[in-house]
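J.:
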Amino acid sequence: MGAIRVESDLDEAVAVFTELRPRLFGIAYRMLGSAAEAEDLVQDVWLRWQAYDRSTVTNPGAFLATTTTRLAINALQSARARRETYIGPWLPEPVDTSADPSLGAERGEALELAVLILMESLTPQERAAYVLREAFDYPYSQIAEILQSSEPAVRQLVSRARKHLAGQRRTPVSSAETKRLLTAFLAAARSGDLAALESLFAADVISYADGGGGRGASRIPVVGLERVAKYLRAFADRFWIGVDVAWTSVNGQPAALLSRDGTVFAVLAVTASTEGIDQLLWVMNPAKLTGVSAPR
């Protein structure tokens, strides 16, 4: 009978964790900006849940969210140390959101690549408070428990994070307009049409290419309308040979998958405002492309 009870208890633990897993991954991914690191962290949460005295847990969802958030805060601190030695610009690892646009959250907040980049400058506590509030709509009282803080302090963390992100970012255009601009950019980039490229860019446009030190990606950001346009024109003849483009949804926004011979070698996304394309985000590090694949 004891063995049956243990097996039944473990089955229930598996069922609870499986139901909550998308949310736990969504928290971990927004905290770390890396799907691979988020997967590892969620696996660690499962091992802790499996070994824990679950009879003492009255609210499994709160327990697992707390465990995930606290582990993510610790993981973020070590991840930032590693990123200081990263070769070239570091961009978040893109995730396919075609099936789950909000990635396990109440809302799709704190998910766009541009927002994840901005959140890198928040403190781990600010980032956690912002993610839990804006994406998952946790009440301030529960966030305070998770962060072992007071409710007024958590409100201040969220407020500071909101102000920082709002101050660093122009008002974005709609997804439809983003896709229109990205489509126009692809056509202009393929042809090396300098005038067409310049007409799409904001004056202070920045092109970031995350190649992880590999060949074919600039190791420094390219900044400014004329400089970015001329840079893209310079390698248009070589870069676009044999390239197929497919559309997907990455981090809740339209993105282009660039592939050769059926193998994706880059994910291209843009951030845009009424001034035009503000950022070109080229994710080319092969280690960050495992979660995307070209349509068959």
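Counted from 1, the sequence shown has number 250 at position 250 by full-length UniProt numbering; the numbering is strictly sequential. Note that beta-carbon positions come from the ideal geometry of N, C-alpha and C, so glycine has one too.
#1: If you draw a straight line from the C-alpha of residue 23 to the C-alpha of residue 271, how long is it?
#2: Please confirm if the stretch 101-115 is in contact with the stretch 59-79, defined as three or more CB-CB distances below 8 Å between the two stretches.
#3: Hey, would you say residue 279 sits closer than 9 Å to residue 208, going by beta carbons?
#4: Is it true that the stretch 192-206 meets the stretch 50-64, where meeting means three or more beta-carbon pairs spaced less than 8 Å apart?
#5: When DSSP labels each residue in this structure, what does residue 148 get in the three-state scheme?
#6: According to DSSP, simplified to helix, strand and coil, what is residue 191?
#7: Let me check one thing: in DSSP terms, what residues is residue 283 bridge-paired to?
#8: Let me check one thing: in DSSP terms, what residues is residue 376 bridge-paired to?
#9: Residue 272 bridges to which residues according to DSSP?
#10: Along the chain, which unbroken stretches of the alpha helix (DSSP H) at least 4 residues long are found entirely within the stretch 47-121?
#11: Buried or exposed: residue 288, going by 16 or more other Cβ atoms within 10 Å of its Cβ?
#12: Which stretch, first to last residue, makes up the beta strand (DSSP E) that contains residue 250?
#13: Between residue 174 and residue 57, what straight-line distance do the alpha-carbon atoms span, to the nearest angstrom?
#14: Helix, strand or coil for residue 205 per DSSP?
#15: Which partner residues of residue 354 appear in the DSSP bridge assignment?
#16: Out of curiosity, what's the CA-to-CA distance linking residue 185 and residue 118?
T.: The structure says:
#1: The alpha-carbon atoms of residue 23 and residue 271 are separated by roughly 26 Å.
#2: They do not touch, by the three-pair rule.
#3: Yes. Within cutoff.
#4: Not touching, per the Cβ criterion.
#5: In the three-state reduction of the DSSP assignment, residue 148 falls in the coil class.
#6: DSSP places residue 191 in the helix class (H, G or I) of the three-state scheme.
#7: In the DSSP assignment, residue 283 forms a beta bridge with 210, 267.
#8: The requested residue 376 is not part of the displayed model; the chain covers only 1 to 296.
#9: Residue pairing of residue 272 in beta bridges, as defined by DSSP: 277.
#10: Whole alpha helix (DSSP H) segments, 4+ residues: 60-83, 113-119.
#11: Counting Cβ neighbours within 10 Å, residue 288 comes out buried, since at least 16 surround it.
#12: 244-250 is the extent of the beta strand (DSSP E) around residue 250.
#13: Cα-Cα distance, rounded: 43 Å.
#14: Under the three-state reduction of DSSP output, residue 205 falls in the strand class.
#15: The requested residue 354 does not occur in the structure, where the chain is confined to residues 1 to 296.
#16: Rounded to whole angstroms, residue 185 and residue 118 show a C-alpha spacing of 24 Å.
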